[in-house]
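Numbering (our numbering), first residue to last: 450 to 725.
Beneath this line is the structure, given in structure tokens, with notes to follow.
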């Protein structure tokens, strides 16, 4: 009986031996996988947040450099405009010169455009033409200076406005301390440039008023020169026609001889001053 039982045990051992030789399969623990996935997710979130903070910090550092550069450019351009305004023609002096030219123009045009007589003479037309031509040259010279200065002033104004409108200037850091320092710096610069900016606007306004008056005078002188040229051509074509009536005929317009001599003397003085 015992031998039979031993034989059965031996048979079972031989049959189970291959199965016992196999490695046991691990038992999946769902709880451990969940913890592992949660940890990885948190690490990913932390990495993304740090990357975002790093990107923001880099952008703010870059913006701060650009802001510094822009503020320096605004300050530099404003100071240049201040220095240039010191070289701008004195409006009082320019207006005085324009008034002189207008006065000389009235003298040159006497007997032709004002106090017209019954006829013009070649000498009077020629004298007036020379005088007005010289006056036009002077006005053109003033206009050239005024136009150039107005252009420079407007360029300064445009550059300052362009720099001041850059959106970077109005981008603030997430760091409250840095933002406070930046705002204080802007206040200082605004305080420095505000008076110059106001003066620049005023200077541009004043110079444009003079520019308008110069343009009007320039056009008027140019038109009068053309009229004199027409009078000279008419006088040339009518050289065989009598210019004056007989002594016994009624005179349409009579002017005192002393007045005529007075303006003739003034014209001669101007010719001497301009061409001698």
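Glycine included, each C-beta is placed from N, C-alpha and C at the ideal position.
Separation of residue 659 and residue 709 (C-alpha to C-alpha, rounded to the nearest whole angstrom) is 34 Å.
In the DSSP assignment, residue 563 is bridged to 559. Sequence-distant Cβ neighbours of residue 543 in its own chain, meaning closer than 7 Å and more than five residues away, are 591, 659. Uninterrupted alpha helix (DSSP H) stretches at least 4 residues long and entirely within the region 619-701 occur at 625-686, given in chain order.
Using a C-beta cut-off of 8 Å, the region 647-662 makes contact with the region 534-548, since at least three inter-stretch Cβ pairs fall below that distance. Cα atoms of residue 556 and residue 545: separation of roughly 17 Å, rounded to the nearest angstrom. Around the Cβ of residue 639, a 10 Å sphere holds fewer than 16 other Cβ atoms; the residue is exposed.
Assigned with DSSP and collapsed to three states, residue 588 falls in helix. Here residue 516 is buried. Its C-beta has 16 or more other C-beta atoms within 10 Å. Less than 8 Å divides the Cβ of residue 680 from the Cβ of residue 574.
By the Cβ neighbour-count rule, residue 612 is buried, with 16 or more other Cβ atoms within 10 Å of its own.
Residue environment: residue 628 is assigned as exposed (fewer than 16 neighbouring CB atoms within 10 Å of its CB, all protein chains considered).
Counting every other CB atom within 10 Å of its CB across the protein chains shown gives residue 725 a total below 16, marking it as exposed. Classified as buried, residue 583 has 16 or more neighbouring CB atoms from the shown chains inside 10 Å of its CB. Contact between the region 509-524 and the region 601-621 is established, with three or more Cβ pairs separated by less than 8 Å.
It is roughly 8 Å from the alpha-carbon of residue 642 to the alpha-carbon of residue 528. The C-beta distance from residue 683 to residue 580 rounds to 20 Å, too long to fall under 8 Å, and the pair is not in contact. Cβ-Cβ separation between residue 714 and residue 559: approximately 11 Å, too far for a contact (criterion under 8 Å).
Across the structure, residue 571 and residue 596 are spaced so that their CA atoms are roughly 36 Å apart.
Contact annotation, residue 623 with residue 631: C-beta distance approximately 12 Å; criterion of less than 8 Å not satisfied. By the neighbour-count criterion, in which a residue is buried when 16 or more other Cβ atoms sit within 10 angstroms of its Cβ, residue 598 is buried.
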